[in-house]
Amino acid sequence: MRSEVVRFLIAGGSAAAINWLARILLSLVLPFEAALIVAYGIGMAAGFWLYRAFVFRAASHGSLSGQLALFLAVNAVGAAVVLAVSTLMIDGLTGLLPDLKPAVAQALGHGVGIAVGAVANYLGHRLLTFGATLRPQPQSR
Numbered sequence: 001m002r003s004e005v006v007r008f009l010i011a012g013g014s015a016a017a018i019n020w021l022a023r024i025l026l027s028l029v030l031p032f033e034a035a036l037i038v039a040y041g042i043g044m045a046a047g048f049w050l051y052r053a054f055v056f057r058a059a060s061h062g063s064l065s066g067q068l069a070l071f072l073a074v075n076a077v078g079a080a081v082v083l084a085v086s087t088l089m090i091d092g093l094t095g096l097l098p099d100l101k102p103a104v105a106q107a108l109g110h111g112v113g114i115a116v117g118a119v120a121n122y123l124g125h126r127l128l129t130f131g132a133t134l135r136p137q138p139q140s141r
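For the sequence shown, the UniProt record's numbering begins at 1 and goes up steadily by one.
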């Protein structure tokens, strides 16, 4: 289980880095909220592949369509968590530090939002998305 958590952190960290960097680039052409949602989708696609291939390896034998549907549902909740936490953090940072540049507040707020969302995502993916294929199967005699 511990190695699974380590693999999740590495895969999730990679997907989060893709998400975070994509949001920064997308913010050049989109409003922050729209850039965050599009970047979340990009990171989510990378995350599904990484989690299925490297974290929950036994799940690679499960139903791809079923896992994808649950993955999307878990990540929809995760996206809402990331958006809410990011927005609250940005508001809090700009309220406490009015001279803080908006781009810095957005980068920090989004980073905290991703971290909080990662906890919710791990639990959702461990229990729901890939959970059925990870449960021990009864041994036949």
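Idealized CB from N, CA, C, for every residue including glycine. Keep in mind it's a predicted model, so treat the numbers as computed, not measured.
(request) Identify whether residue 8 lies in helix, strand or coil by the three-state DSSP scheme. (result) helix
(message) Please classify residue 138 as buried or exposed, where buried requires at least 16 other C-beta atoms within 10 Å of its C-beta.
(response) Here the model assigns residue 138 a pLDDT of 49, short of 50, so the residue's position is not dependable, and the following value carries that caveat. That one is exposed.
(message) Can you find the residues in the same chain that come closer than 6 Å, C-beta to C-beta, to residue 122, ignoring five residues on each side of it along the sequence?
(response) 8
(request) Spell out a yes or no on whether the stretch 63-72 and the stretch 34-41 are touching, meaning 3 or more CB-CB pairs, one atom from each, closer than 8 Å. (result) The stretch 63-72 is not in contact with the stretch 34-41.
(request) Determine the contact status of residue 117 and residue 82, defining contact as a CB-CB distance below 8 Å. (result) yes
(request) State the DSSP-derived secondary structure class of residue 130, mapped to helix, strand or coil. (result) Reduced to three states, the DSSP call for residue 130 is coil.
(message) Short of 6 Å in beta carbon distance, which residues of its chain neighbour residue 184, apart from the five on each side in sequence? Order them along the chain.
(response) There is simply no residue 184 to check, as the chain begins at 1 and stops at 141 in what is shown.
(message) Using only the alpha-carbon positions, how far apart do residue 4 and residue 54 sit?
(response) 9 Å
(request) Determine, using beta carbons only, whether residue 125 and residue 51 come nearer to each other than 8 Å. (result) yes
(message) With H, G and I counted as helix, E and B as strand and the rest as coil, what does DSSP make of residue 3?
(response) helix
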